[in-house]
Amino acid sequence: MAKLEQLIQQFRSELGADFISTDVVGMDGLSIAGGSIDPNFNSTDASARFSLVMKLAEKSSSKLGMGKVDDNLVTTDKAYIIARFIGEGSYYWGVAVTRNATLGTVRMLMNEYADQLWDAIPR
Amino acid sequence: MGMKGNLRDMAIADLIQHNCQERKTAQLRIQHSGQQAMLYFEDGNVVHASLGEQAGEEVIYEILRWEEGAFDLERGVKPPANTIKQSWSSLLLEGARRLDENNHENEIHLFQSDSDNNLEANKMAKLDDILKEMSGEVTGYVACALVGIDGINIASHTSSKAANPDDISAQGTMLLKLVDTSVEKLGAGIIEDNLVTTENAYMLMRFLPGKQYYLGMVANRKTGNLGNMRLISKTYAERLSKAMPR
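Just so you know, the protein sequences line up as chains B and D, in that order.
At position 19 of the first sequence the residue is numbered 19 (this note's numbering), and the sequence of numbers has no breaks.
At position 174 of the second sequence the residue is numbered 1174 (this note's numbering), and the sequence of numbers has no breaks.
Listed below in structure tokens is the structure:
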């Protein structure tokens, strides 16, 4: 778990001021690592709600024959919220950043860290 | 083990979805303005609902209007009857359609087929033209549609017989609504769009102003381009909004 927290800290620092929140979440909606730096963004609630989003996305994609879901990106007037399945899909990784963030960079960083996070989850 | 709460914090549609997706066997009691509704979940569906003398699907449609009230969920309670045959997703879609119909009756009338009204017919044809034009600008384009928040297409276009815009819109609407509720409850701002990346496709949904309609589009994952999709969807959502019959 220490390795997981360390990776999350590293990821946070790479995002700098645009970082809002990140969590590694089981498909039961419970976060196993991470947190929010914004008191107005409750990462526990976000983890639970986006586990439902990811489950529905997976179900819809399967019904439409679009294959496995990689990620779901929400754009609001305040933030980008990205939820991405990691490993074999029993966890997802949620990240919220401000609208000032460069979306391409955030996605690139997530590509870079996804496998490392999966490897760091105790199994 | 149970759960208690208020509909202000968790909508009935979310409660239904959660319990069905988790395949819970449970009893949900909801109290609203002196009325008490009972819902029963089993094997991934709502199998029974009652409200006073009423039972079955109509109860679900009725209580989906409730925005306030206390609820408590008791796990492991078996349903006393089986009055609902539809799947939970069909119930929610139909419920959303009825809500939308009530709330926006006047608007809905504008979109009902009215062959006597040439002006409206022309506007609808214009929407089809805009979608067709847009299809030529999206890299890896597969399908697109202008969809009401009830999940029904107002106009659609597809490049492939394999892609059924009606199915895509029905699934996309459920997802967009869940994302919208989640974002609202989290206080994370006003949703502009939602993009799902899958093994084979990109599926983008962008609300038109007023959030009663959205533009949905699907592109091939291998040949599509995310930046292109987001840019084109933004430009065309504005055009479609201006061209909508009022």
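Note that CB positions come from ideal geometry on N, CA and C, so glycine has one too.
None of these values were measured; they are calculated from a predicted model.
Quiz item: Ends of the beta strand (DSSP E) at D/Arg1075?
Solution: On the second sequence, residue 1075 of chain D is found 75 positions in, with the first residue counted as 1. Segment Ala1070 to Arg1075, the beta strand (DSSP E) holding D/Arg1075.
Quiz prompt | Through-space distance from D/Ile1154 to D/Thr1212, alpha-carbon basis | solution = As a first step, residue 1212 of chain D is located in the second sequence; it is residue number 212 there, counting from the start. As a first step, residue 1154 of chain D is located in the second sequence; it is residue number 154 there, counting from the start. For clarity, residue 1212 of chain D is Gln in the given sequence; the question names Thr instead. Put simply, the backbone Cα of D/Gln1212 is about 12 angstroms away from that of D/Ile1154.
Quiz item: Should D/Asn1102 go down as buried or exposed, given a rule of 16 or more other Cβ atoms within 10 Å for buried?
Solution: Within the second sequence, numbered from 1, the residue matching residue 1102 of chain D stands at position 102. So D/Asn1102 counts as exposed.
Exercise. Leaving out five residues on either side along the sequence, give the residues of the same chain with a beta carbon under 7 angstroms from the beta carbon of B/Gln10.
Key: Along the first sequence, read from residue 1 onward, the residue named residue 10 of chain B stands at position 10. There are no such residues.
Self-check item: For D/Asp1009, the three-state DSSP class (helix, strand or coil)
Solution: The sequence position of residue 1009 of chain D within the second sequence is 9, counting from 1. Note: D/Asp1009 maps to coil in three-state DSSP.
Exercise. Quick one: measure Cβ to Cβ for B/Ser62 and B/Val25, integer angstroms, because I've assumed they're closer than 8 angstroms.
Key: Start at 1 with the first residue of the first sequence, and residue 62 of chain B comes out as number 62. Start at 1 with the first residue of the first sequence, and residue 25 of chain B comes out as number 25. In fact, because the Cβ distance is near 20 angstroms, the residues do not count as touching under 8 angstroms.
Exercise. Give the secondary structure of D/Leu1208 by DSSP, where H, G and I count as helix, E and B as strand, and everything else as coil.
Key: Here residue 1208 of chain D refers to the residue found at position 208 of the second sequence. Look at D/Leu1208 here: in three-state DSSP terms it is coil, with no helix or strand label.
Exercise. Compare the C-beta of D/Glu1192 with all C-beta atoms of chain B and state if any pair is closer than 7 angstroms.
Key: Counted from its first residue, the second sequence places residue 1192 of chain D at position 192. With 7 angstroms as the cut-off, D/Glu1192 counts as an interface residue toward chain B.
Exercise. Would you verify that the beta carbon of D/Ser1182 is, or is not, closer than 7 angstroms to some beta carbon of chain B?
Key: To locate residue 1182 of chain D, count along the second sequence from 1; it is residue 182. Answer yes: the Cβ-Cβ gap between D/Ser1182 and chain B drops below 7 angstroms somewhere.
Quiz prompt | 7 angstroms Cβ cutoff met for D/Asn1045 and D/Val1142 | solution = The count along the second sequence starts at 1 and reaches residue 1045 of chain D at position 45. The count along the second sequence starts at 1 and reaches residue 1142 of chain D at position 142. Not in contact: D/Asn1045 and D/Val1142 (Cβ atoms no closer than 7 angstroms).
Self-check item: Cα-Cα separation between B/Gly65 and D/Ile1149, rounded to whole angstroms
Solution: To locate residue 65 of chain B, count along the first sequence from 1; it is residue 65. To locate residue 1149 of chain D, count along the second sequence from 1; it is residue 149. Computed Cα separation, rounded: 23 angstroms.
Self-check item: D/Phe1111 - DSSP class collapsed to helix/strand/coil
Solution: In the second sequence, the residue the question calls residue 1111 of chain D occupies position 111. For D/Phe1111, the predicted model reports a pLDDT of 48, less than 50, meaning its position is unreliable and no value from the coordinates is stated.
Quiz prompt | B/Ala57: contacting residues in chain D (beta-carbon distance under 7 angstroms) | solution = Along the first sequence, read from residue 1 onward, the residue named residue 57 of chain B stands at position 57. Those are Leu1175 and Val1196, listed as they occur along chain D.
Quiz item: Should D/Ala1037 and D/Leu1051 be called a contact, given that it needs their Cβ atoms to be closer than 7 angstroms?
Solution: Within the second sequence, residue 1037 of chain D is the residue found at index 37, counting from 1. Within the second sequence, residue 1051 of chain D is the residue found at index 51, counting from 1. In contact: D/Ala1037 and D/Leu1051 (Cβ atoms closer than 7 angstroms).
Quiz item: Between B/Glu5 and chain D, is there a C-beta pair that is closer than 7 angstroms?
Solution: Here the question's residue 5 of chain B lines up with position 5 in the first sequence. Chain D contact via Cβ: absent.
Quiz item: Using a Cβ-Cβ distance under 7 angstroms, would D/Glu1199 count as near chain B?
Solution: Your numbering for residue 1199 of chain D matches position 199 in the second sequence. True, the Cβ-Cβ gap to chain B drops below 7 angstroms.
Quiz item: Out of curiosity, what's the CA-to-CA distance linking B/Val69 and D/Thr1173?
Solution: On the first sequence, residue 69 of chain B is found 69 positions in, with the first residue counted as 1. On the second sequence, residue 1173 of chain D is found 173 positions in, with the first residue counted as 1. Approximately 17 angstroms between the Cα atoms of the pair.
Exercise. Express the C-alpha separation of D/Met1217 and D/Asn1164 in angstroms, rounding to a whole number.
Key: Here residue 1164 of chain D is taken as the residue at index 164 of the second sequence, counted from 1. Here residue 1217 of chain D is taken as the residue at index 217 of the second sequence, counted from 1. Roughly 12 angstroms between the two C-alpha positions.
Quiz prompt | Local Cβ density within 10 Å of D/Asn1106, reported as buried at 16 or more and exposed below that | solution = Counting from one through the second sequence, the residue named residue 1106 of chain D turns up at place 106. With a pLDDT of 49 at D/Asn1106, under the threshold of 50, the predicted position of this residue should be treated as unreliable, and no value is reported.
Quiz item: How about B/Gly67 and D/Asn1200: are their beta carbons less than 7 angstroms apart?
Solution: In the first sequence, the residue the question calls residue 67 of chain B occupies position 67. In the second sequence, the residue the question calls residue 1200 of chain D occupies position 200. Yes, Cβ-Cβ distance for B/Gly67 and D/Asn1200 is below 7 angstroms.
Exercise. Measure the CB-CB distance between D/Asn1082 and D/His1048 and report whether it falls below 7 angstroms.
Key: By one-based count along the second sequence, residue 1082 of chain D stands at place 82. By one-based count along the second sequence, residue 1048 of chain D stands at place 48. Yes, they are a contact pair.
Self-check item: Under the three-state DSSP convention, the category D/Ser1087 falls into
Solution: What you label residue 1087 of chain D is simply residue 87 of the second sequence in a count that begins at 1. Three-state result, D/Ser1087: coil.
Quiz item: With 16 as the cutoff for other CB atoms within 10 Å, does D/Leu1231 come out buried or exposed?
Solution: Counted from its first residue, the second sequence places residue 1231 of chain D at position 231. That one is exposed.
Quiz prompt | B/Phe85 versus D/Gln1054: straight-line alpha-carbon distance, rounded | solution = Along the first sequence, read from residue 1 onward, the residue named residue 85 of chain B stands at position 85. Along the second sequence, read from residue 1 onward, the residue named residue 1054 of chain D stands at position 54. Computed Cα separation, rounded: 42 angstroms.
Quiz item: Since D/Gly1227 is in the alpha helix (DSSP H), which residue starts that stretch and which ends it?
Solution: Residue 1227 of chain D sits at position 227 when you count from the first residue of the second sequence. Counting along the chain, the alpha helix (DSSP H) containing D/Gly1227 begins and ends at Leu1226 to Ala1243.
Quiz prompt | Supposed contact pair B/Thr22 and B/Val95 - C-beta distance, whole angstroms, cut 8 angstroms | solution = By 1-based counting over the first sequence, the position of residue 95 of chain B is 95. By 1-based counting over the first sequence, the position of residue 22 of chain B is 22. Under the criterion of beta carbons closer than 8 angstroms, B/Val95 and B/Thr22 qualify as touching, at roughly 5 angstroms.
Quiz item: Alpha carbon to alpha carbon, how far is D/Cys1144 from D/Ala1096?
Solution: Locating residue 1144 of chain D in the second sequence gives position 144, where the first residue counts as 1. Locating residue 1096 of chain D in the second sequence gives position 96, where the first residue counts as 1. Computed Cα separation, rounded: 22 angstroms.
Practice problem: Check the Cβ of B/Val74 against every Cβ in chain D and list those closer than 7 angstroms, keeping chain order. | Solution: Indexing the first sequence from 1 puts residue 74 of chain B at position 74. By Cβ distance, chain D contributes Val1179, Val1183, Ile1191 and Asn1194.
Quiz prompt | Inter-residue spacing [alpha-carbon to alpha-carbon] between B/Ile8 and D/Ala1125 | solution = The residue labelled residue 8 of chain B in the question sits at position 8 within the first sequence. The residue labelled residue 1125 of chain D in the question sits at position 125 within the second sequence. If you take the alpha carbons of B/Ile8 and D/Ala1125, they lie about 51 angstroms apart.
Self-check item: Backbone secondary structure at D/Ile1152 - three-state DSSP
Solution: Taking the second sequence and counting its residues from 1, one reaches residue 1152 of chain D at position 152. Note: D/Ile1152 maps to coil in three-state DSSP.
Exercise. If I'm right that B/Met54 touches B/Tyr80 with Cβ under 8 angstroms, what's the distance once you round it to whole angstroms?
Key: Counted from its first residue, the first sequence places residue 54 of chain B at position 54. Counted from its first residue, the first sequence places residue 80 of chain B at position 80. The Cβ separation is near 16 angstroms, so there is no contact.
Quiz item: Alpha carbon to alpha carbon, what distance is there between D/Gly1056 and D/Ile1084?
Solution: Here residue 1084 of chain D refers to the residue found at position 84 when the second sequence is read from its first residue. Here residue 1056 of chain D refers to the residue found at position 56 when the second sequence is read from its first residue. One C-alpha to the other measures close to 5 angstroms.
Quiz item: Would D/Gln1031 count as contacting chain B if we go by Cβ distances under 7 angstroms?
Solution: By one-based count along the second sequence, residue 1031 of chain D stands at place 31. No - not a single Cβ of chain B is within 7 angstroms of the one on D/Gln1031.
Quiz item: DSSP state of B/Asp28, grouped into three classes?
Solution: Counting from 1 along the first sequence, the entry for residue 28 of chain B is found at position 28. Correct three-state label for B/Asp28: coil.
Quiz item: Is B/Asn42 closer than 7 angstroms to B/Ala57 when the C-beta atoms are compared?
Solution: Locating residue 57 of chain B in the first sequence gives position 57, counting from the first residue. Locating residue 42 of chain B in the first sequence gives position 42, counting from the first residue. Pairing B/Ala57 with B/Asn42 gives a Cβ-Cβ distance that is not under 7 angstroms.
Self-check item: 8 angstroms contact criterion, which D/Tyr1202 and D/Leu1176 should meet: CB distance rounded
Solution: Position 202 of the second sequence, counting from 1, holds the residue named residue 1202 of chain D. Position 176 of the second sequence, counting from 1, holds the residue named residue 1176 of chain D. The pair is not a contact, with the Cβ atoms about 15 angstroms apart (cut-off 8 angstroms).
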